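Residue numbers (my numbering): 1038 to 1998.
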């Protein structure tokens, strides 16, 4: 049922190969191994979008063609870019992405990327290379441009032009042998399919080679091949040539990992060894010499691929065009790490930047590179010297900033860019031309934007003046920088969130062994990101990186390092590495900085210098900041200073705890104030939590800084303490002489609302909780637990345990109180009494009692499995040794909901699939956690350093500990 276009599209084979590699890539990424020869082709495989190919070729080779094809009259009289593209195009070569500009003060157009005056005038002398050609996307595309160009310029037939383009113009290299085969086939197929080129036929030898193949013979055999080549060696040169060949052999032993990063020309000659230029004739002779025996012939054939790759790697090209491979330094294996440290010191932080540098080395004098690359090296501080060197030595012709969703594949989500760079030095007052797509654009909308958005420009010299030579592509802004009035800190990297990080509601109290831990928020607000706590034993000595501690205790701005950069007030707490703490050097500037960060000017200013999905904390120092202006803004917005902590969000530790009380920001008084009583969906959830005996951290910590109104609502919560259940178990149907949960909840809500309470208010609350027109009891039975899981980030602290029947046994349990004793109470008192009652009703012949009895008895068996804790209904804690593993149901609250809830969803289901004895299945997994354990970790040797959670221990094993 697939459409015909799927099979006939020129890029179909590339997509098929990427799909075929996807599973392998996913396996490697999950394994967290360092990337070397075996892994590199799969993890760096990223198919180039067709619009990227067209844009780069149209604005390099296409621009060269247009500058020679279009007349002065054409350039002076054209009304639009489209008109010029149509005049410059040839059949099969539409140049649809070629951009033109009118320079300031001039009436005629010119190609935005320039005219490339240093390129050969005759295409017979033009050589292009794709050093990472993959399945040949760029090679096929440039064939379709060069053939009509040569037919037009040289009067050739389609067949003649195709053969000459294949033999003279197009060159490709690739580390993946399978991709080389695909590229050769794709290019041959394109040549056979070219109109009037003769169809299928014998083609000239293609200039495509695999850079991932080593010598395929020993060093001695390698030098012996050269000696048998028939090319004479002068006695005084023999040893130097032999040593030079040995050096080349040694270099290409790394070829499966290094690929096109290898530069044979870096084999420098000295008194002991010949350079590549000297030994190259012997390599050519190896392939052409008569072979003395079959063994020598086999070795020569095996060496042929490497020799061809070496020749292509040592050559120079008019145009290098490629989609560079992407791999961060932290994933390099030792060989790749050492090589890049040595050869690519300025660009070593990512393989993509290394390949930008390598591509420029492959250029002839005045040659150009047209590259798909990541944007991060344009602005991150680790590439500052690389940027500076390029600004000094390379002409930057054109840059298109594509943003974070420029590829259709969902495996990649980084900001990409398209670059056209020339090896011609920096002309005086040269201007860089740029196109920047709109924020949030994707691979479907970007192509049209590249055609229609304005082409901006700036002088190349101006980029030297930016902090760290960041390429902002705008003229230097001389205003004061934010870093002059504020410091920006990176937060803690725990190294193992699963072990040391919790939501505050997973714990009973926040004590001296924990710290509140500020993190990100989804949208800007005064306060947010206050959900987590961090275990802080021994001052956090076991954390990977204790960072940002200089910000602790200081007021500032918490900036979430995500696309829209939402921010809130930083409370001076410990904070994680996904947010930056921007702290004023003088406290009185806090309001001005907050006003700026929450303005519409802040995000564009940051994105002008750092377009990464997660901008670095250092970039915030480098944005312009007008202190006088923002002080004036703050005087109007915050005349009384920044507010004290307040929120009505129960997932924040500063929440006051009152079911319907509200604290808001008053635009009239410019300060906090009591809001109208709340009726939103959180009201019922807060009331249920209070009914089960839960209290919020703000209630339990009298020293916590809060607004006056929040503290007043905390005090009002004392009036509701009497409604809290003592053992943390409440039965939804009336049971054991206790009122139903619904009745108890109504009483609590009536006390909370006071005179504002009515039955209409209850109906309003149910409607806002997605239960309009129904009863409170049915909401508790059918909706509460799923909503509770969603509200509290799938780490529920109120558990709904049931027997699978809508009118059967059903209780809500405060997880914090559900210790071994309380589980016994649940099984043998609450459930035991229910079973006794059902037996009585069975004896009385009451309809449905038999079903209820059977369901309750099945639930009892499942709860007893949990109580006993035999595998697979046990709790396993990967950071605890065997002797500290819980035996039976004996949970450590500090281990978190994720681990402790597992037995309740592991026992056979009573209702929802995968939910065990719970009303709904929380979206929790027990897969391997990220990172590797240290050797001292208790399960290091069993799991080989992996952080495995999906493991079970028998009672016998635990008791033996």
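No residue lacks a Cβ here, since even glycine has one placed at the ideal position from N, Cα and C. Because the structure is a prediction, the values reported are computed rather than measured.
Residue 1876 has no beta-bridge partner at all, per DSSP.
For residue 1237, the number of other beta carbons within 10 angstroms of its own is below 16, and it is reported as exposed.
Residue range 1098-1106 is occupied by the alpha helix (DSSP H) that includes residue 1099. The DSSP-derived three-state label of residue 1865 is helix. Annotation for residue 1473: the continuous beta strand (DSSP E) segment containing it runs 1468-1473. DSSP places residue 1391 in the uninterrupted alpha helix (DSSP H) bounded by 1388-1398. Cβ contact annotation for residue 1966 (same chain, cutoff 6 Å, sequence separation greater than five): 1535, 1984, in chain order. Going by DSSP, residue 1549 is part of no alpha helix (DSSP H) at all; its letter is neither H nor E.
Considering only 1647, 1639, 1799, the residue with the shortest C-alpha distance to residue 1667 is 1639.
Using a Cβ distance threshold of 8 Å, residue 1731 and residue 1834 count as a contacting pair. DSSP places residue 1569 in the strand class (E or B) of the three-state scheme. For a cut-off of 8 Å, the C-beta gap from residue 1282 to residue 1316 is around 6 Å, short enough to register as a contact. Rounded to whole angstroms, the separation of the alpha carbons of residue 1300 and residue 1140 is 39 Å. As far as DSSP is concerned, residue 1808 takes part in no beta bridge. Note on the stretch 1225-1279: whole alpha helix (DSSP H) runs with a minimum of 4 residues are 1256-1264, in chain order. The way I'd put it, the stretch 1814-1824 doesn't touch the stretch 1880-1890; fewer than three beta-carbon pairs between them come closer than 8 Å. The stretch 1952-1959 makes no contact with the stretch 1863-1871: fewer than 3 CB pairs, one atom from each, lie closer than 8 Å. Residue 1612 has 1555 as its beta-bridge partners, per DSSP. Nearest in C-alpha terms to residue 1599, of all of 1692, 1574, 1476, is 1476. Secondary structure of residue 1281 (DSSP, three-state): helix.
Distance from the CA of residue 1249 to the CA of residue 1362, rounded to the nearest whole angstrom, comes to 14 Å. Assignment of beta-bridge partners to residue 1365 by DSSP yields 1387. Residue environment for residue 1213: buried (at least 16 other C-beta atoms within 10 angstroms of its C-beta). Note on residue 1546: under 16 other CB atoms within 10 angstroms of its CB, so exposed under the neighbour-count rule.
Distance from residue 1245 to residue 1209 at the Cβ level is roughly 4 Å; contact confirmed, criterion being Cβ atoms closer than 8 Å. Cβ atoms of residue 1817 and residue 1779 come within 8 Å of each other, at about 6 Å. In summary, residue 1971 is exposed, with fewer than 16 beta-carbon neighbours lying within 10 Å of its beta-carbon over all protein chains present.
The beta carbons of residue 1841 and residue 1809 sit about 26 Å from each other, so the pair does not count as a contact at 8 Å.
By the neighbour-count criterion, in which a residue is buried when 16 or more other Cβ atoms sit within 10 angstroms of its Cβ, residue 1435 is buried. It is roughly 15 Å from the alpha-carbon of residue 1696 to the alpha-carbon of residue 1734. Here residue 1193 carries a coil assignment [DSSP, helix/strand/coil].
Within the stretch 1866-1941, the complete alpha helix (DSSP H) segments of 4 residues or longer fall at 1869-1880, 1886-1905, 1934-1937, listed in chain order.
Secondary structure in the stretch 1664-1714: the beta strand (DSSP E) runs of 3 residues or longer, each lying completely within the stretch, are 1700-1703, 1708-1711 in chain order.
Residue pairing from DSSP places residue 1210 in a beta bridge opposite 1246. Cβ neighbours of residue 1645 within its own chain (closer than 7 Å, five residues either side excluded): 1509, 1511.
A distance of 8 Å or more separates the beta carbons of residue 1621 and residue 1561.
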